[in-house]
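Contents: one structure, followed by commentary.
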Amino acid sequence: MRAGVRADVRTALRATGATGVLVTHDQQEALSTADLVAVVRSGRVAQCGTPEEVYRRPADPWVAGFVGGAVLLPGRGEGATARTALGPVRLEVPADGGGGTVVLRPEQLALTAPSDGTARANVADVSFHGADTLVSVTVPGVDAPVQVRATGPVDRRPGDPVGIAVTGTGTLHASDEPFRTASAPE
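If you count the sequence shown from 1, position 25 lands on 390 in my numbering, and the numbers rise without skipping.
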């Protein structure tokens, strides 16, 4: 019923050309309903943009973790790529050689055979959700488990060795602080 009401409100606003403001703590609701999203942290706008911009090019690792599943990796920029524990990651914006946090989304990672030249990992947990499965893997050089979102069921169990391939681009967020893996909102 909630999704239906959202769709009806969107349709009504567009039909009349009216502007509406929706205040919500439900990130999926914000991303699926709004034409423009403002993420507020500690009373200030941390980022404002289209839902796609905020999700694909988050202003910082906190925003990335707040609006959805985020894979946060220590990395070092080298032009159009960053070196990470998952191997080279193409960057949305070229980097100047500094270190920081590379942000990817769980759906940008794919499980592969452990011997195909991709980053090696071990399955820690498998959580089936029907349309997709969230696979938690441990990766050497990364403090926290890395989440991989696969379509449908997967034929992997805890303890299985796997390879991890990265698709698409990531964002590198420079930091003078030591890398932290926490991605939960403050």
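The beta carbon of each residue, even a glycine, is placed where N, CA and C say it ideally should be.
{"query": "Spatial distance of Pro518 from Arg441 (CA atoms)", "result": "34 Å"}
{"query": "Limits of the unbroken alpha helix (DSSP H) element including Thr398", "result": "Gln392 to Thr398"}
{"query": "Segment contact, 8 Å Cβ cut-off, at least three pairs: the region 393 to 400 with the region 368 to 375", "result": "yes"}
{"query": "Alpha carbon of Leu387 to alpha carbon of Asp425, nearest angstrom", "result": "23 Å"}
{"query": "Endpoints, the beta strand (DSSP E) within which Arg371 is located", "result": "Run containing Arg371: none in the beta strand (DSSP E); it sits in the alpha helix (DSSP H), Arg367 to Thr381."}
{"query": "Beta-carbon proximity check, Val500 vs Arg521, cutoff 8 Å", "result": "yes"}
{"query": "The region 444 to 457 / the region 487 to 494 touching (three or more Cβ pairs under 8 Å)", "result": "no"}
{"query": "Beta-carbon contacts of Ala539 that lie in its chain and below 6 Å, excluding the five residues immediately before and after", "result": "Gly463 and Gly465"}
{"query": "Inside the region 417 to 473 only - alpha helix (DSSP H) runs reaching at least 4 residues", "result": "426 to 432"}
{"query": "Beta strand (DSSP E) segment containing Pro526, residue limits", "result": "Pro526 to Val531"}
{"query": "For Ala483, three-class secondary structure by DSSP", "result": "A small fix is needed here, since residue 483 is Thr in this sequence, not Ala. Residue state, collapsed to three classes: coil."}
{"query": "Thr477 beta carbon less than 8 Å from that of Gly528", "result": "yes"}
{"query": "Exposure label - Ala380; buried when at least 16 CB within 10 Å", "result": "exposed"}
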